[in-house]
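This report refers to the structure that appears directly beneath it.
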Amino acid sequence: MIKHILKLIWNKKGSNALMALEILLSFIVLFFVLAFVFFNFERTSLPLGFETKDRWIINLDNVEHMDSLEAVQAITNLRQDLLAQDEIEAVTFTSFMAPFRNSQWSTQNDENGFTFETMIVRADADFAKVLGSEILEGRWFTEEDGNRKDDAIILNKRFVDSYYPGQSRVDSTLLLDGPNTIVGVIGDYRYTGEFQEARNIVFAYRPYVKNQSFVVLKMKPNVPASFEEKLSSIVNTATKTSGSTISTLEKDRKEDSSESWILVIALLFICGFLCLNVALGLFGVLWYNISKRKSEIGLRQAVGANGFDITKQFIIEILVLTFAALAIGIFFAIQIPILEVTEYPNELFYKAIIYACLIILTLVFSCALFPSIQAAKITPANSLHED
Amino acid sequence: MFLNYIKLAWRVLARRKFFTFITLFGISFTLGILMVFLSFLQSELGTSAPMKHKDDFVWISQVQLIRNVIDTIPVVDSMMQNGAMVFDTVSYDYKERSSGQSNSEINCQLAEKYLIGLPSAEYVTIFNSSYTNDVFVNGVKITINALMGDPNYWKVFNHKILEGRTIDQDDMDNAAQVIVISTKTAREYFGVTSGVLDRELKMDGKTFKVIGLYPDNSKIVDIISPDAVVPYTIYNMENQDSYYFGGFGAMLKKRDGATTQKLKEEIYHAASTIPIDHPDNNWEMNEVNFKPAATYNEAYAQGIYYEDKAEDSHQIMSFIVYGLLLFFILLPTLNLINLNVSRIMDRSSEIGVRKAFGAHQGNIVVQFIVENILQTFIGGLLGLILAFLLISLINSGGLLGDAILKLNTKFFIYSFFGTLLFGILSGFIPALKMSRLQIVNALKRK
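Sequence lines, in order, name chains D and X. Quick note on the numbering used here: the first sequence kicks off at 1 and runs consecutively. Quick note on the numbering used here: the second sequence kicks off at 388 and runs consecutively.
Structural data, given as C-alpha cells:
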C-alpha cells in the first residue's frame, strides 16, 4: 500500500514538492518561534526571589555627588525621617544594582582554585526584611557584620549548586577580593527582571550609609499614591535636592516585562496566523485535488474499497508527504542542539522540535480529514457516470 | 485590454467564493501585519522630524576604560621518576586579555574638550538625558524626563518649534533657568497645549521660565523625545564623579561632503589622545574609547542585540530582520502559489481557446499576473484596514510605551510596492505554467 501511495505522490511530484516545501517552511518558523517562547516562559516561571507588592523605590539624585561625610549625614537623616513615617514599615539602601534597574556588576575569579563567575550585589542589614528574600541557610547580615575583620557575604542557592553541589558552605571562606565569610544562603534575587537569566549572586555587606543610589521601602498595605508627594518632600529635604524620583516595584515589574510579553505575544499571534493561513491553503488544495480524482475513487470503490479505505488512503498520502518534509526540517533543526550553536540548553530545542512536529501533524491531519471523508462519500455511480 | 483582464479577474473571484476567501484572508493578513511592521520601522528609524538628518549622525553615549594585560602562562612538563616528581621543561605562553573594563556615560568637560571641533563634524550636541524629575501639580505626580542640553541640540535634531525660541548661547553662558517644553509636558503641567511662553515651571527646586514649545515626538529613544530641555550649565559641571565619567552623551552631525566613517575615525583618534594617567583612573586602565561611536541605526541595533562593535550588531540585526521578513512573506506566497497552481487547470480550456485565436505566451502570463495583482490589491486594501485597526489598538493601548506608530505617505508608497511585489511573486509561477500549455492538450481536456 505504501508503495502504491509513494507512486501516487511521485506522479504529482511538482505540486507535492511545493506542498512539502510549505510544510517544511512552516516547521522551521514554528521551531524558532516555539524555542523562543519556551525559552522566555521558562525564565518567567522561575521565582523572582523578592516581593514587589507594596514596595516603593526611590532613586536618590544628589547624594553620590556630595562629599563623603555630608553624604553619610544625609543618608542617616533620610533613614530616620523615613522610619518615622507610619506608612513605612522598613527601609533598605542599595547601590545601583537595584530591582529592575539594568545595572549589573559581575566578576570572574579563580583565587579559590576554580574559576567562578558571579554577579555582586551590595546590601545592608535590612535588605532581606524589605525585599522578602527567602533565607535557606544561615542568616542575613546584621549591623555587627560591619565590625568584622573579613567581609561577610551571602550566596544565592544557584551559586552553591553550581560550585559546591550538595555541600553546606555557611561559615566557610570564599576568596573574592580578599577573604570573605559566608554567613548565609538565600533563594534567588533576579533583580534585572522576570525575563532575565537567573545568575550566580554574591551579596556583600555594606552598611546602609554607603549605599547611596536607591532606597527600597516596605510600605504598610494600601498606602495611597498621594503619599508620594509627602515622601518626595521628605527625601528632598534630607538630600537637599529635588531630583529624586519615586516609583513602585509593582509598576517597574510590569513595565520591565511588558516589552518581552509584547514580543512573545506578537510572535505567537503572527505564528498563529501563519499556521491558520497554511492550514486554510492546505485544506483548499487537498479539497480541490480530491475533487479532481473522483474517477479514481469511483474505480477503487467499484473494485471493493469501502469508505474507510478511501479516507485512509488520502490521509496516509498527505501524512507521508508531511513526514518527508518534517524529516528534512528536523535534520536541519537538530543541528542546533547537536553542534551546540547557541549557549541555550539543548532540551529547549528538542522540546521545540517535538511541539512543532505535533502542531504540524495535527494541522495537516485535520485539514486532510474533511476532504477525505467527503471523498469517501463519492459513489461509483456518480463519479464514473460523470466521465 | 487591461479592462477586460480586470473584468475577467472579477468574474473569476466571484465564481469560487471559498477559494477567494482563503486567498484574500492570507493576503490581507500578511500585508496588514507587514504594514504594521513597516510603520514601526518608519516611526523608529525613519527620517521624519526631528530625525531629518538621522543618516548624518554619529552617536556617542559612553566612555570606556579598558585594562589590557599580557598574561604569562607558564606550562611546566613534569614526570614521575622513582616515585618523585621531576620537572622537565618549562615553556611560557603570552596572551593578551582584557582583565577589566569600565563603561559609563561621559564626563561633560571631557566630552566638550575632545568631541567639539572635529573637522568632519558640522554640529556637536552634548547632553545629559537622565535629568528625570518628579513634580507634583495639585497632588498629582508628573514625571518629567528632561534633557540637559545645549544650543546645538536643535541644530542636530530638527524639532519643530511651535512657540517661542530654543536655548541660545547667552542662556548657556548665564546658566539661565530657562526651559523648552514639549506639548506633553505643557498639557500635563499647565493643562494647555499652547500659550505657555513666559510661564513658570517648578522642577528640581528651581523655577524655570518657559521659552519655547515643541511637539511631543514619541519615540523609544529618550534623547530624541525628551519632555523638556534645559541648558546643562544650570549645574556646575566641574564637580562630576570622575575625570572620565559623568552623565553625558553626544550626538555629532557630519559636515556635507564628509562621511560618517571619516567622522568615526576622527572620534577614535580623539579618544586616543585622552590622557590615561589621570589620578581618577584608579584601576590601572590603559585604553580609553568612546562608545559606540556609530551611526544611529547601528547604535539602535546594538541596543537590541549587543555586540562590542555596533557595526556587527547592525549586521546581525539586519540579517535577523530580513530573514524573519523573508520567512514571513515566503510562507503565504508559497501558500498562494500552491493554491493557484492546483486551481489553474480549471481554466485550461479558456487558455486553449485564447491561444488558438493567437494569444502569445506573454499575453497569457500578463493576464494571469494582472488577475493576481488585482486580487492582491483587494487583499492589500483589506490589509490596510487591518493595519489601521492594529495600529490604533497598539497606540491606544500604549503597547509600545510612549512610542506612537504613524501612517504617512511614505508608508503608503512602501505598502503599495510591497503589495505589488507580493502579487507578482505569487502569480508568476502559476502564470508561467499555464502559458506553456499546448493548445491541443488544453482543449482536449474538455
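Where is the CB? At the ideal position from N, CA and C, for every residue including glycine.
Using a Cβ cut-off of 9 Å (strictly closer), state whether residue i contacts chain D.
| i | result |
| --- | --- |
| residue 824 (chain X) | no |
| residue 831 (chain X) | no |
| residue 719 (chain X) | yes |
| residue 722 (chain X) | yes |
| residue 409 (chain X) | yes |
| residue 455 (chain X) | no |
| residue 814 (chain X) | no |
| residue 732 (chain X) | yes |
| residue 417 (chain X) | yes |
| residue 514 (chain X) | no |
Would you mind telling me which residues of chain X sit closer than 7 Å to residue i, beta carbon to beta carbon, in chain order?
| i | result |
| --- | --- |
| residue 320 (chain D) | Neighbours of residue 320 (chain D) on chain X: none; closest Cβ ~18 Å, over 7 Å. |
| residue 117 (chain D) | Going along chain X, no residue has its Cβ under 7 Å from residue 117 (chain D), so there is no contact; the nearest lies around 14 Å. |
| residue 19 (chain D) | 725 |
| residue 243 (chain D) | 520 and 591 |
| residue 288 (chain D) | 729 and 730 |
List the residues of chain D whose Cβ lies closer than 8 Å to the Cβ of residue i, in chain order.
| i | result |
| --- | --- |
| residue 420 (chain X) | 270 and 273 |
| residue 400 (chain X) | Per Cβ cutoff of 8 Å: no residues; residue 400 (chain X) is ~14 Å from chain D at best. |
| residue 667 (chain X) | Chain D residues near residue 667 (chain X): none, gap ~14 Å exceeds 8 Å. |
| residue 809 (chain X) | Simply none; closest approach about 13 Å. |
Taking CB distances under 9 Å as the criterion, tell me whether residue i reaches chain X.
| i | result |
| --- | --- |
| residue 343 (chain D) | no |
| residue 219 (chain D) | no |
| residue 283 (chain D) | yes |
| residue 278 (chain D) | yes |
| residue 49 (chain D) | no |
| residue 383 (chain D) | no |
| residue 228 (chain D) | yes |
| residue 359 (chain D) | no |
| residue 251 (chain D) | no |
| residue 387 (chain D) | For residue 387 (chain D), the predicted structure reports a pLDDT of 49, less than 50, and the residue's modelled location is therefore unreliable. The matter cannot be settled from this model. |
| residue 292 (chain D) | yes |
| residue 232 (chain D) | yes |
| residue 236 (chain D) | yes |
| residue 211 (chain D) | no |
| residue 59 (chain D) | yes |
On the DSSP bridge assignment, give the partners of residue i in chain order.
| i | result |
| --- | --- |
| residue 681 (chain X) | X:446 |
| residue 90 (chain D) | D:218 |
| residue 179 (chain D) | D:175 |
| residue 461 (chain X) | X:479 |
| residue 709 (chain X) | None, per the DSSP bridge assignment. |
| residue 533 (chain X) | X:518 and X:615 |
| residue 676 (chain X) | X:451 |
| residue 388 (chain D) | The requested residue 388 (chain D) is not part of the displayed model; chain D covers only 1 to 387. |
| residue 205 (chain D) | D:123 |
In chain X, which residues lie with their C-beta within 8 Å of the C-beta of residue i?
| i | result |
| --- | --- |
| residue 246 (chain D) | 521 and 528 |
| residue 22 (chain D) | 718, 721, 722 and 725 |
| residue 216 (chain D) | What residue 216 (chain D) touches in chain X: nothing, since even the nearest Cβ is about 17 Å away. |
Could you check whether residue j and residue i sit closer than 9 Å to each other, using their CB atoms as the reference points?
| i | j | result |
| --- | --- | --- |
| residue 187 (chain D) | residue 156 (chain D) | yes |
| residue 601 (chain X) | residue 580 (chain X) | no |
| residue 751 (chain X) | residue 818 (chain X) | yes |
| residue 250 (chain D) | residue 126 (chain D) | no |
| residue 536 (chain X) | residue 608 (chain X) | no |
| residue 170 (chain D) | residue 118 (chain D) | no |
| residue 348 (chain X) | residue 596 (chain X) | Because chain X is modelled from 388 through 833, residue 348 (chain X) falls outside the range shown and cannot be assessed. |
| residue 660 (chain X) | residue 518 (chain X) | no |
| residue 718 (chain X) | residue 215 (chain D) | no |
| residue 135 (chain D) | residue 184 (chain D) | yes |
| residue 493 (chain X) | residue 673 (chain X) | no |
| residue 25 (chain D) | residue 212 (chain D) | no |
| residue 107 (chain D) | residue 88 (chain D) | no |
| residue 234 (chain D) | residue 81 (chain D) | yes |
Residues of chain D with a CB under 9 Å from the CB of residue i: which are they?
| i | result |
| --- | --- |
| residue 412 (chain X) | 276, 277 and 280 |
Which chain X residues sit within Cβ distance under 9 Å of residue i?
| i | result |
| --- | --- |
| residue 15 (chain D) | 725, 728 and 729 |
| residue 25 (chain D) | 714, 717, 718 and 721 |
| residue 264 (chain D) | None at all; the shortest Cβ gap to chain X is about 13 Å. |
List the whole-angstrom C-beta distance separating residue i from residue j, where the pair is believed to meet the contact cut-off of C-beta under 8 Å.
| i | j | result |
| --- | --- | --- |
| residue 74 (chain D) | residue 239 (chain D) | 5 Å |
| residue 280 (chain D) | residue 322 (chain D) | Not confirmed; about 16 Å, so no contact. |
| residue 755 (chain X) | residue 810 (chain X) | The pair is not a contact, with the Cβ atoms about 11 Å apart (cut-off 8 Å). |
Can you list the residues of chain D that residue i reaches, using a CB-CB cut of under 7 Å?
| i | result |
| --- | --- |
| residue 406 (chain X) | 284 |
Using a beta-carbon distance cut-off of less than 8 Å, what residues from the segment 27-44 of chain D approach chain A? Reference to chain A is not applicable here, since the protein chains of this structure are D and X.
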